[in-house]
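Undergrad:
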Amino acid sequence: MDGRYYAGLDVGGTYGRVMLTREDGAVIGTYEGEGCAFNTVGEDAGRMMYRALISGAMERFETTPEMCLGICVAASGIDSPRLSEACFEIFAGMGFRRDAIRVMNDCEIYLTCSPPPVMAAVVGTGSICYGMGADGRIFRTGGWNHILSDEGSAYDIGMKAIKSVALRLDGRGADTSLSSILAEKEGIVSLETADEYITRYAHDKSRIGKIARYCDFAAREGDGTAISILEGCADDFFQVVLVTYSKLGVIPTGHEVTLWMSGGVALECGRFCERLVHDIRRELPCVTVKRPEKSALLLAAEAAGTAAG
(Lines of atoms letter the chains of each structure in order from A and count residues from 1; the text may use other names and numbers.)
(Lines give C-alpha, C1' and ligand atoms only; values in the text may rest on other atoms or scores of the structure.)
Protein backbone atom coordinates (compact mmCIF):
# COMPACT_ATOMS: atom_id res chain seq x y z
CA MET A 1 0.00 0.00 0.00
CA ASP A 2 1.29 3.46 -0.90
CA GLY A 3 0.84 6.47 1.34
CA ARG A 4 0.09 7.25 4.95
CA TYR A 5 -2.97 6.04 6.79
CA TYR A 6 -5.14 6.18 9.91
CA ALA A 7 -6.03 3.05 11.89
CA GLY A 8 -9.08 2.36 14.04
CA LEU A 9 -9.32 -0.73 16.23
CA ASP A 10 -12.46 -2.18 17.83
CA VAL A 11 -11.37 -4.98 20.14
CA GLY A 12 -14.08 -6.93 21.95
CA GLY A 13 -13.88 -9.97 24.15
CA THR A 14 -14.31 -12.32 21.17
CA TYR A 15 -13.22 -10.52 18.00
CA GLY A 16 -10.80 -7.77 17.13
CA ARG A 17 -11.26 -5.60 14.04
CA VAL A 18 -9.01 -3.08 12.33
CA MET A 19 -9.98 -0.44 9.76
CA LEU A 20 -7.40 1.48 7.78
CA THR A 21 -8.34 4.75 6.07
CA ARG A 22 -6.50 7.21 3.85
CA GLU A 23 -5.85 10.85 4.65
CA ASP A 24 -9.00 11.82 2.74
CA GLY A 25 -11.13 9.41 4.81
CA ALA A 26 -11.48 6.74 2.13
CA VAL A 27 -11.49 3.23 3.56
CA ILE A 28 -8.46 1.17 2.58
CA GLY A 29 -9.80 -2.03 4.08
CA THR A 30 -10.68 -3.97 7.21
CA TYR A 31 -9.08 -6.89 8.98
CA GLU A 32 -10.52 -9.26 11.61
CA GLY A 33 -8.70 -11.40 14.14
CA GLU A 34 -8.97 -12.69 17.67
CA GLY A 35 -10.07 -10.26 20.38
CA CYS A 36 -9.62 -10.20 24.12
CA ALA A 37 -10.82 -8.39 27.21
CA PHE A 38 -7.64 -6.68 28.36
CA ASN A 39 -8.59 -6.73 32.04
CA THR A 40 -9.39 -10.46 31.95
CA VAL A 41 -6.61 -12.11 29.96
CA GLY A 42 -3.82 -10.13 31.60
CA GLU A 43 -1.29 -7.73 30.14
CA ASP A 44 1.14 -10.35 28.82
CA ALA A 45 -1.51 -12.28 26.88
CA GLY A 46 -3.16 -9.00 25.84
CA ARG A 47 0.14 -7.74 24.45
CA MET A 48 0.56 -10.82 22.27
CA MET A 49 -3.02 -10.70 21.00
CA TYR A 50 -2.96 -6.97 20.25
CA ARG A 51 0.37 -7.23 18.46
CA ALA A 52 -0.95 -10.17 16.41
CA LEU A 53 -4.08 -8.22 15.47
CA ILE A 54 -2.41 -5.03 14.25
CA SER A 55 0.50 -6.95 12.70
CA GLY A 56 -1.95 -9.06 10.70
CA ALA A 57 -3.64 -5.91 9.40
CA MET A 58 -0.34 -4.24 8.49
CA GLU A 59 0.85 -7.38 6.73
CA ARG A 60 -2.35 -7.67 4.70
CA PHE A 61 -2.22 -4.03 3.58
CA GLU A 62 1.57 -3.91 3.29
CA THR A 63 2.17 -0.97 5.58
CA THR A 64 4.19 -0.09 8.68
CA PRO A 65 3.74 1.74 12.01
CA GLU A 66 5.93 4.58 10.73
CA MET A 67 3.39 5.34 7.98
CA CYS A 68 0.51 5.71 10.46
CA LEU A 69 -0.79 9.25 10.99
CA GLY A 70 -3.02 8.31 13.91
CA ILE A 71 -4.33 5.19 15.62
CA CYS A 72 -7.34 4.88 17.95
CA VAL A 73 -7.79 1.72 20.00
CA ALA A 74 -11.34 1.23 21.34
CA ALA A 75 -11.03 -1.89 23.44
CA SER A 76 -12.87 -4.08 25.91
CA GLY A 77 -11.30 -4.20 29.35
CA ILE A 78 -9.52 -0.84 29.27
CA ASP A 79 -10.86 -0.06 32.71
CA SER A 80 -8.27 2.13 34.43
CA PRO A 81 -5.50 4.63 33.68
CA ARG A 82 -2.96 1.87 34.35
CA LEU A 83 -4.53 -0.50 31.81
CA SER A 84 -4.89 2.35 29.32
CA GLU A 85 -1.19 3.11 29.70
CA ALA A 86 -0.30 -0.57 29.33
CA CYS A 87 -2.29 -0.78 26.10
CA PHE A 88 -0.73 2.48 24.90
CA GLU A 89 2.76 1.07 25.42
CA ILE A 90 2.00 -1.97 23.26
CA PHE A 91 1.59 0.23 20.21
CA ALA A 92 4.34 2.66 21.16
CA GLY A 93 6.66 -0.33 21.48
CA MET A 94 5.79 -1.43 17.96
CA GLY A 95 6.90 1.89 16.50
CA PHE A 96 3.68 3.90 16.33
CA ARG A 97 4.32 7.56 17.22
CA ARG A 98 3.44 8.22 20.82
CA ASP A 99 1.62 11.44 19.93
CA ALA A 100 -0.49 9.55 17.38
CA ILE A 101 -1.95 6.91 19.73
CA ARG A 102 -5.34 7.19 21.45
CA VAL A 103 -6.73 4.46 23.75
CA MET A 104 -10.23 4.17 25.23
CA ASN A 105 -12.81 1.62 26.31
CA ASP A 106 -14.81 0.21 23.40
CA CYS A 107 -18.06 1.46 24.95
CA GLU A 108 -16.75 4.99 25.54
CA ILE A 109 -16.33 5.55 21.80
CA TYR A 110 -20.15 5.71 21.39
CA LEU A 111 -20.35 8.84 23.55
CA THR A 112 -19.15 10.69 20.45
CA CYS A 113 -22.43 9.92 18.65
CA SER A 114 -24.42 12.84 20.12
CA PRO A 115 -23.98 15.89 22.37
CA PRO A 116 -24.01 15.41 26.16
CA PRO A 117 -25.73 14.54 28.41
CA VAL A 118 -25.49 11.15 26.71
CA MET A 119 -25.08 7.51 27.65
CA ALA A 120 -23.66 4.48 25.87
CA ALA A 121 -23.90 0.80 26.71
CA VAL A 122 -22.46 -2.39 25.29
CA VAL A 123 -24.09 -5.69 26.18
CA GLY A 124 -22.28 -8.47 24.37
CA THR A 125 -19.83 -11.04 25.68
CA GLY A 126 -19.46 -8.64 28.63
CA SER A 127 -21.43 -5.54 29.60
CA ILE A 128 -20.71 -1.95 30.57
CA CYS A 129 -22.34 1.49 30.58
CA TYR A 130 -20.80 4.95 30.17
CA GLY A 131 -22.28 8.40 30.58
CA MET A 132 -21.13 11.94 29.81
CA GLY A 133 -22.66 14.84 31.72
CA ALA A 134 -23.40 18.27 30.30
CA ASP A 135 -20.07 19.46 31.72
CA GLY A 136 -18.16 16.86 29.69
CA ARG A 137 -17.24 14.63 32.63
CA ILE A 138 -17.32 10.91 31.83
CA PHE A 139 -18.74 8.27 34.18
CA ARG A 140 -18.63 4.51 33.98
CA THR A 141 -20.72 1.78 35.65
CA GLY A 142 -20.29 -1.99 35.53
CA GLY A 143 -18.04 -4.02 33.29
CA TRP A 144 -15.70 -5.04 36.11
CA ASN A 145 -14.99 -8.44 34.49
CA HIS A 146 -17.20 -11.51 34.40
CA ILE A 147 -16.71 -12.40 38.07
CA LEU A 148 -17.48 -9.04 39.68
CA SER A 149 -20.16 -7.75 37.31
CA ASP A 150 -20.92 -7.94 33.55
CA GLU A 151 -24.62 -8.02 34.45
CA GLY A 152 -26.86 -9.04 31.56
CA SER A 153 -23.96 -10.07 29.37
CA ALA A 154 -23.82 -13.19 27.22
CA TYR A 155 -21.55 -14.69 29.86
CA ASP A 156 -24.07 -13.87 32.60
CA ILE A 157 -26.91 -15.39 30.58
CA GLY A 158 -24.83 -18.47 29.74
CA MET A 159 -23.91 -19.12 33.35
CA LYS A 160 -27.51 -18.74 34.50
CA ALA A 161 -28.62 -21.15 31.78
CA ILE A 162 -26.09 -23.77 32.90
CA LYS A 163 -27.11 -23.31 36.54
CA SER A 164 -30.78 -23.75 35.65
CA VAL A 165 -29.99 -27.03 33.89
CA ALA A 166 -27.85 -28.18 36.83
CA LEU A 167 -30.76 -27.51 39.18
CA ARG A 168 -33.02 -29.62 36.99
CA LEU A 169 -30.45 -32.43 36.95
CA ASP A 170 -30.30 -32.19 40.75
CA GLY A 171 -34.07 -32.58 41.02
CA ARG A 172 -34.63 -28.91 41.92
CA GLY A 173 -36.02 -27.56 38.67
CA ALA A 174 -38.39 -28.33 35.83
CA ASP A 175 -37.31 -30.05 32.62
CA THR A 176 -37.32 -27.52 29.75
CA SER A 177 -36.22 -27.30 26.15
CA LEU A 178 -33.14 -25.41 27.37
CA SER A 179 -32.02 -28.63 29.09
CA SER A 180 -32.33 -30.53 25.82
CA ILE A 181 -30.43 -27.87 23.87
CA LEU A 182 -27.50 -27.84 26.29
CA ALA A 183 -27.43 -31.62 26.32
CA GLU A 184 -27.25 -31.71 22.52
CA LYS A 185 -24.95 -28.74 21.91
CA GLU A 186 -22.64 -28.83 24.93
CA GLY A 187 -22.92 -32.40 26.23
CA ILE A 188 -24.35 -31.35 29.60
CA VAL A 189 -26.38 -34.46 30.36
CA SER A 190 -25.60 -35.01 34.04
CA LEU A 191 -24.38 -33.17 37.12
CA GLU A 192 -20.98 -34.71 36.51
CA THR A 193 -20.75 -33.35 32.97
CA ALA A 194 -22.08 -29.96 34.16
CA ASP A 195 -19.36 -29.85 36.81
CA GLU A 196 -16.68 -30.83 34.30
CA TYR A 197 -17.94 -28.21 31.85
CA ILE A 198 -17.77 -25.39 34.40
CA THR A 199 -14.37 -26.52 35.66
CA ARG A 200 -13.02 -26.40 32.11
CA TYR A 201 -14.76 -23.32 30.72
CA ALA A 202 -15.75 -21.04 33.63
CA HIS A 203 -13.15 -18.44 32.60
CA ASP A 204 -13.69 -18.84 28.86
CA LYS A 205 -16.02 -15.89 28.31
CA SER A 206 -16.61 -16.66 24.64
CA ARG A 207 -17.46 -20.33 25.24
CA ILE A 208 -19.91 -19.58 28.05
CA GLY A 209 -21.21 -16.53 26.21
CA LYS A 210 -22.31 -18.48 23.16
CA ILE A 211 -24.88 -20.27 25.33
CA ALA A 212 -26.81 -16.99 25.36
CA ARG A 213 -27.79 -17.78 21.76
CA TYR A 214 -29.27 -21.10 22.87
CA CYS A 215 -31.16 -19.33 25.63
CA ASP A 216 -32.53 -16.79 23.14
CA PHE A 217 -33.64 -19.59 20.80
CA ALA A 218 -35.38 -21.40 23.64
CA ALA A 219 -37.11 -18.19 24.73
CA ARG A 220 -38.39 -17.58 21.20
CA GLU A 221 -39.85 -21.10 21.34
CA GLY A 222 -41.69 -20.20 24.55
CA ASP A 223 -39.40 -21.85 27.12
CA GLY A 224 -40.37 -20.28 30.46
CA THR A 225 -36.98 -20.82 32.08
CA ALA A 226 -35.14 -19.15 29.19
CA ILE A 227 -37.59 -16.24 29.20
CA SER A 228 -37.10 -15.78 32.94
CA ILE A 229 -33.31 -15.78 32.56
CA LEU A 230 -33.32 -13.17 29.79
CA GLU A 231 -35.82 -10.88 31.50
CA GLY A 232 -34.00 -11.18 34.82
CA CYS A 233 -30.69 -10.31 33.17
CA ALA A 234 -32.33 -7.31 31.47
CA ASP A 235 -33.61 -6.11 34.85
CA ASP A 236 -30.11 -6.48 36.28
CA PHE A 237 -28.56 -4.45 33.49
CA PHE A 238 -31.23 -1.78 33.83
CA GLN A 239 -29.87 -1.12 37.33
CA VAL A 240 -26.50 -0.40 35.71
CA VAL A 241 -28.19 2.06 33.34
CA LEU A 242 -30.12 3.65 36.20
CA VAL A 243 -26.97 4.26 38.26
CA THR A 244 -25.17 5.71 35.23
CA TYR A 245 -28.08 8.09 34.62
CA SER A 246 -27.91 9.25 38.24
CA LYS A 247 -24.25 10.19 37.73
CA LEU A 248 -25.04 12.58 34.87
CA GLY A 249 -26.12 15.33 37.25
CA VAL A 250 -28.76 17.92 36.38
CA ILE A 251 -30.40 17.25 33.02
CA PRO A 252 -31.38 20.43 31.14
CA THR A 253 -35.16 20.91 30.96
CA GLY A 254 -36.59 19.28 27.87
CA HIS A 255 -33.34 17.51 26.99
CA GLU A 256 -33.67 14.00 25.62
CA VAL A 257 -30.87 11.77 26.83
CA THR A 258 -29.85 9.26 24.19
CA LEU A 259 -28.65 5.84 25.29
CA TRP A 260 -26.60 4.42 22.44
CA MET A 261 -27.01 0.67 22.78
CA SER A 262 -24.83 -1.93 21.09
CA GLY A 263 -23.62 -5.49 21.51
CA GLY A 264 -25.03 -8.83 20.40
CA VAL A 265 -27.24 -9.40 23.45
CA ALA A 266 -28.68 -5.88 23.47
CA LEU A 267 -29.49 -5.91 19.78
CA GLU A 268 -30.33 -9.55 19.04
CA CYS A 269 -31.83 -11.24 22.12
CA GLY A 270 -35.49 -10.36 21.70
CA ARG A 271 -36.77 -10.90 25.24
CA PHE A 272 -33.75 -9.11 26.72
CA CYS A 273 -34.22 -6.10 24.42
CA GLU A 274 -37.95 -5.85 25.04
CA ARG A 275 -37.60 -6.04 28.81
CA LEU A 276 -34.74 -3.53 28.98
CA VAL A 277 -36.57 -0.97 26.84
CA HIS A 278 -39.71 -1.52 28.95
CA ASP A 279 -37.75 -0.85 32.16
CA ILE A 280 -36.19 2.30 30.71
CA ARG A 281 -39.47 3.73 29.42
CA ARG A 282 -41.11 3.11 32.78
CA GLU A 283 -38.39 4.56 35.02
CA LEU A 284 -36.47 6.96 32.74
CA PRO A 285 -38.97 8.52 30.32
CA CYS A 286 -36.50 11.17 29.09
CA VAL A 287 -34.06 8.46 27.93
CA THR A 288 -34.36 7.22 24.36
CA VAL A 289 -32.63 4.01 23.34
CA LYS A 290 -31.02 4.14 19.91
CA ARG A 291 -28.78 1.87 17.88
CA PRO A 292 -25.63 3.67 16.70
CA GLU A 293 -25.68 4.48 13.00
CA LYS A 294 -21.92 3.95 12.85
CA SER A 295 -20.03 0.93 14.10
CA ALA A 296 -17.45 1.19 16.88
CA LEU A 297 -14.85 0.32 14.25
CA LEU A 298 -15.80 3.24 12.01
CA LEU A 299 -16.00 5.62 14.99
CA ALA A 300 -12.54 4.49 16.08
CA ALA A 301 -11.19 5.06 12.57
CA GLU A 302 -12.66 8.58 12.59
CA ALA A 303 -11.28 9.23 16.10
CA ALA A 304 -7.83 8.21 14.90
CA GLY A 305 -7.66 11.60 13.21
CA THR A 306 -7.90 13.34 16.59
CA ALA A 307 -5.06 11.18 17.91
CA ALA A 308 -2.57 12.58 15.43
CA GLY A 309 -0.31 15.18 16.99
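For this note's numbering, add 2 to where a residue sits in the sequence shown, where the first one is 1.
All C-beta atoms, glycine included, are put in the ideal place defined by N, C-alpha and C.
State the DSSP-derived secondary structure class of Ala204, mapped to helix, strand or coil.
TA: Of the three classes helix, strand and coil, the one that applies to Ala204 here is coil, per DSSP.
Undergrad: From Leu299 to Val20, what distance separates their C-alpha atoms?
TA: Taking the straight line joining both Cα atoms gives about 7 Å.
Undergrad: How would you call Ser264, buried or exposed, if buried means at least 16 neighbouring beta carbons within 10 angstroms?
TA: Burial call: buried.
Undergrad: Classify Phe141 as helix, strand or coil using the three-state DSSP reduction.
TA: Phe141 falls in the strand class under three-state DSSP.
Undergrad: Who are Lys318's beta bridge partners in DSSP?
TA: Residue 318 cannot be examined here, being either before or after the span of the chain that is shown, 3 to 311.
Undergrad: Pairing CB atoms from the stretch 5-21 with CB atoms from the stretch 64-79, are three or more of them under 8 Å?
TA: Counting Cβ pairs under 8 Å, three or more are found: they touch.
Undergrad: Does the stretch 130-140 come close enough to the stretch 157-175 to have 3 or more Cβ pairs within less than 8 Å?
TA: The stretch 130-140 vs the stretch 157-175: no contact.
Undergrad: Which class does Gly18 belong to by DSSP, given the choice of helix, strand or coil?
TA: It is a strand residue.
Undergrad: Taking Ser155 and Thr16 to be in contact with their CB atoms under 8 Å, please state how far apart those CB atoms are, rounded to whole angstroms.
TA: Actually they do not touch by this definition, with Cβ atoms about 12 Å apart.
Undergrad: Could you tell me whether the stretch 241-254 touches the stretch 129-136, where touching means 3 or more Cβ pairs closer than 8 Å?
TA: Contact between the stretch 241-254 and the stretch 129-136 is present, because at least three Cβ pairs lie under 8 Å.
Undergrad: What does the Cβ neighbour count give for Cys288, buried or exposed, with the cut at 16 atoms within 10 Å?
TA: When all chains shown are included, Cys288 counts as exposed.
Undergrad: Of all the options Ala168, Ala221, Ser86, which has the alpha carbon lying nearest to the alpha carbon of Glu198?
TA: Cα-wise, what sits closest to Glu198 is Ala168.
Undergrad: Using the Cα positions of Glu87 and Met50, report the straight-line distance between them to the nearest angstrom.
TA: Those two C-alpha atoms are separated by around 16 Å.
Undergrad: Less than 7 Å between the beta carbons of Ala302 and Cys74, yes or no?
TA: Going by C-beta atoms, Ala302 is nearer than 7 Å to Cys74.
Undergrad: Should Val291 and Leu244 be called a contact, given that it needs their Cβ atoms to be closer than 7 Å?
TA: Not closer than 7 Å, so no.
Undergrad: Could you tell me the distance, in whole angstroms, from the CA atom of Met121 to the CA atom of Glu194?
TA: In a straight line, the C-alpha of Met121 is about 43 Å away from that of Glu194.
Undergrad: Could you work out which residue in His148, Gly144, Leu71 is closest to Asp26 when comparing CA atoms only?
TA: If we check each option's Cα against that of Asp26, Leu71 comes out closest.
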